[in-house]
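Residues in the first sequence are numbered consecutively from 40, following my numbering.
Quick reminder that beta carbons are idealized off the backbone N, C-alpha and C, glycines included.
See below for the structure under consideration.
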Amino acid sequence: MLKVYNTLTRKTEEFQTLEPGVVKMYVCGVTVYNDAHVGHAMSALVFDVVRRYLEFRGYKVKHVMNFTDVDDKIIARANALGEDPFALAQRYIDDYRQNLLDLNILPATSNPRATQTMKEIISMVQGLIEKGYAYPAPNGDVYFRVTKEKEYGKLSGRKLEDMQAGARIEVEEQKEHPMDFALWKGAKPGEPAWDSPWGKGRPGWHIECSAMNLAELGEQIDIHGGGNDLIFPHHENEIAQSESYTGKPFSRYWMHNGMLQLGGEKMSKSLGNIISIKEFLSKRDADVMRMLVLNGTYRAPLLFNDETLDAAQKNVERLKSGLRPAAPSASGLSAEAASALASQAESAKGSFTDAMDDDFNTAGAIAALFEIVKAINTARDSGANDEQLLPAQNMLHTLTGVLGLRLRDKKGSADVDPFVNLLIEVRTEARKQKQWAMSDLIRDRLKELGVTIEDSKDGTTWRWG
RNA sequence: GGCGUCGUGGCCAAGUGGUAAGGCAAGGGUCUGCAAAACCCUCAUCACGGGUUCGAAUCCCGUCGACGCCUCCA
């Protein structure tokens, strides 16, 4: 039975979908005005794993991830660069899509954009006004009336009274209440704007997600995800808008990932301590980033530094070791030993799913995979042949795939394989004649060319890397 | 100040009532001409102080500390 921690109730709950076998999942994407950083990657990876596991469990997942492609920051950056804001947004959308592909993150089933959801946004704002949950202000803005929504604050666990104390007193004479937030912003000269019943303007930040949810998934969804820095105000406001509008509970489960920590601080655009996804991938494999995330708890802060990354890389290497072939002249295991290996893999699969069922405990799941690795390596050391290793290796491959790990070996050109094999053959002959200098030279030179050689009593193997 | 998360071996990190998963690092060993890899062995009583219980890392109270949100933010 799958259990999920729900931010809304602060409890781990049994996972039940609105519609049997189908999961409607909405994950907040990014505002496209700059290169996406590894913190965004963490969030995307977390929900990619959630999705992959749900699919592994047999659910059909409708996975929606939005792009916020019009807002203050995009406009500001575009002005600074002297670029058209829409062109700038498009450029970063393309970049981000590529980042996700490079990270082996499955494309969402739908990627709505604020600018392409304008009709729905406007009619939702209109509806909220009609129901008394919103009001237009003289300056062309439309605000949500937080005092009208009795449950406002339920996600973040705040009370309106508490928030007032700490709230920055804005020079916002237009608002009835300091915590009222903008559903629609009247356009200033030179800004991108759309026609609306309240004059030219553009949507506030939160309303687009409510509108996209409605348009893409309907009035109620199963999972709403994002970083925990979005709990307030973004998700709180989304709930307020959506539930006021439909009169129904919005999302059954709210899932939030923890923040990536760089040097003890959250990595964020405003702090400027950023490593872009592109920059990361120029130095490390995508599997390393994924392993870093998998080795921790998705809800907890994640330490991002050379030590944790090196460890993640080692973990990846270790998983790969399980996929290596048998020694060339392996003698073979007894039938009993071979089937024991297969059943060890089967039982590790049970541990894997038990861990993942427990609120996506990926660290526990990884431990189960290491059990398979150890069993395979032990069997190989005992002389198992490729055929005998295969069932366990297939299992390992399947389960690492559920976590989205590629575990690809570095690839050299296949054309050179015969020549490498020839060199190995020559070296084997040299070793028979105890010509150690020669065999070491071959080994060292091949290493320089990216080929790693390993000798065992059952023969010599090689691989790229 | 308010709300919330958390504090497990040198490092990362599972584990919510019954005597501490896993990985990395370290030390010892097997194998090997050497090396590498792999395998085997060793390595913690769970921030601190109280309490509840037959029994707590796990529940309660307090202290200290870290982090997040309260303003744009994955």
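Counting only residues of its own chain and dropping the five nearest sequence neighbours on each side, Thr154 has a CB closer than 6 Å to the CB of Asp108 and Val109.
Pairing Gly498 with Gln427 gives a Cβ-Cβ distance that is not under 8 Å. DSSP places Thr156 in the coil class of the three-state scheme, outside both helix and strand. For Tyr98, no pairing in a beta bridge is given by DSSP.
Rounded to the nearest whole angstrom, the CA to CA distance from His263 to Val61 is 14 Å. Asn267 sits away from Met218, with the two beta carbons spaced by 8 Å or more. The continuous stretches of alpha helix (DSSP H) do not include Ser495, which lies in the beta strand (DSSP E) extending over residues Val490 to Ser495.
Val43 sits buried, since 16 or more C-beta atoms from the chains shown fall within 10 Å of its C-beta. Taken in chain order, the complete alpha helix (DSSP H) segments of 4 or more residues contained in the segment 427 to 490 are 456 to 471 and 475 to 487. Contact check between the segment 354 to 371 and the segment 386 to 393: fewer than three CB pairs, one atom from each, fall below 8 Å, which does not count as touching. Under the rule that a run must span 3 or more residues, the beta strand (DSSP E) segments found entirely inside the segment 98 to 133 read 99 to 107. Cβ neighbours of Thr347 within its own chain (closer than 7 Å, five residues either side excluded): Leu331. Where Thr51 is concerned, the enclosing beta strand (DSSP E) starts and stops at Lys50 to Glu53.
Under DSSP, the beta-bridge partners assigned to Trp293 are His263. Per DSSP, the unbroken beta strand (DSSP E) holding Met64 starts and ends at Val61 to Thr70.
Fewer than three pairs of CB atoms, one per stretch, sit closer than 8 Å, so the segment 76 to 83 makes no contact with the segment 366 to 380.
Rounded to the nearest angstrom, the Cβ distance from Asn138 to Ala75 is 5 Å, consistent with a contact under 8 Å. When Ala406, Val164, Gly179 and Ser452 are compared, the shortest CA-CA separation from Leu438 is found for Ala406.
Residue environment for Lys101: buried (at least 16 other C-beta atoms within 10 angstroms of its C-beta). Each of Tyr191, Lys63 and Glu282 was checked against the Cα of Leu93, and the nearest Cα belongs to Lys63. Nearest to Ile161 by alpha-carbon distance, out of Glu200, Pro151 and Leu222, is Leu222. Looking at the backbone, the Cα of Thr156 and that of Ala250 are separated by about 7 Å. Contact annotation: Pro151 and Glu58 have beta-carbon atoms that are not nearer than 8 Å. Following the DSSP letters along the chain, one finds Val181 inside the beta strand (DSSP E) bounded by residues Val181 to Phe183. Within the same chain, Cβ atoms closer than 6 Å to the Cβ of Arg466 are found at Ser478 and Ile481, the five residues on either side in sequence being excluded. Assignment of beta-bridge partners to His274 by DSSP yields no partner. Using a Cβ distance threshold of 8 Å, Lys450 and Trp501 do not count as a contacting pair. The Cβ-Cβ distance between Asp326 and Leu408 does not fall below 8 Å.
Listed in chain order, the non-local C-beta contacts of Glu275 below 6 Å within the same chain comprise Leu194 and Ser195, local neighbours out to five positions each way being set aside. In this structure, DSSP gives Trp237 a state outside helix and strand, which the three-state scheme calls coil. DSSP places Glu318 within a helical segment (H, G or I) once states are collapsed to three.
Comparing alpha-carbon positions, the option among Gly422, Ala176 and Gln383 lying closest to Lys214 turns out to be Ala176.
Around the beta carbon of Phe399, 16 or more other beta carbons lie within 10 angstroms, which makes this residue buried.
For Lys388, the enclosing alpha helix (DSSP H) begins and ends at Ala374 to Asp396.
Where Gln300 is concerned, the enclosing beta strand (DSSP E) starts and stops at Leu299 to Leu301. Collapsing the DSSP output to three states places His79 in a helix.
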